[in-house]
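One structure is given here, and the rest of the page talks about it.
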Amino acid sequence: MEQYASRRRRVAIRCRMDSAPLLKDADLCVKCGLCLPHCPTYRLSRTEAESPRGRIALAQGLAGGQLQASAGLTAHIDSCLSCRACEAVCPAKVPYGRIADATRALLVTPRRSRATRLMARLLDYAPARALLRIGLWLL
2 MEQYASRRRR
12 VAIRCRMDSA
22 PLLKDADLCV
32 KCGLCLPHCP
42 TYRLSRTEAE
52 SPRGRIALAQ
62 GLAGGQLQAS
72 AGLTAHIDSC
82 LSCRACEAVC
92 PAKVPYGRIA
102 DATRALLVTP
112 RRSRATRLMA
122 RLLDYAPARA
132 LLRIGLWLL
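One point on numbering: in our numbering, the residue at position 123 of the sequence shown is 124, and numbering is uninterrupted.
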């Protein structure tokens, strides 16, 4: 699993082997822009990355390896309301909801328990590693 650090949180990308269906669905988009006036987040922000067309381009870049996961990319993907108004007006019948869901599945925030974080800190501390080796040797 590849990991990319961002300022606010760590974002991990799962194996890219499962991104083929996402790329296939995203390739259906002809970038005509008929979805733009129907997208509530685009109407509010007037930012291409906040439109279905922009999010599809971001998903293609992420799944294809041209873009790295970042907090900004995650914010653009997560700002979609999943109302799927864009699907209703799309002449190419792009399954935008499936693309958005697959992109969100690629972006996961790893969560570690307190015990795991404590163990990682302990193992980073050299004397603790030495004690652990001695303890394992004695077993």
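Idealized CB from N, CA, C, for every residue including glycine.
- C-alpha of Lys32 to C-alpha of Cys81: approximately 18 angstroms in a straight line.
- At least 7 angstroms separates the beta-carbon of Cys40 from that of Pro22.
- A distance of 7 angstroms or more separates the beta carbons of Leu45 and Val90.
- Here Ala50 is near His77, since their CB atoms are less than 7 angstroms apart.
- Your pair Gly98 and Arg85 checks out as a contact, with CB atoms roughly 5 angstroms apart and the cut at 8 angstroms.
- If you draw a straight line from the Cα of Arg134 to the Cα of Ala116, it is about 19 angstroms long.
- Listed in chain order, the non-local C-beta contacts of Leu74 below 7 angstroms within the same chain comprise Leu59, Leu63, Leu68, local neighbours out to five positions each way being set aside.
- Taking the C-beta atoms as reference points, Ile100 is found no nearer than 7 angstroms to Asp19.
- DSSP assignment within the segment 29-98 yields the following whole alpha helix (DSSP H) runs of 4 residues or more, N-terminal first: 41-46, 53-65, 72-79, 86-90.
- Counting along the chain, the unbroken alpha helix (DSSP H) around Asp26 starts and ends at 21-27.
- Take Gly136, set aside five residues on each side of it, and no residue of its chain has a beta-carbon closer than 8 angstroms to its own.
- Non-local C-beta neighbours of Ala93 in its own chain, meaning closer than 8 angstroms and more than five positions away in sequence, comprise Leu29, Cys30, Val31, Cys33, ordered along the chain.
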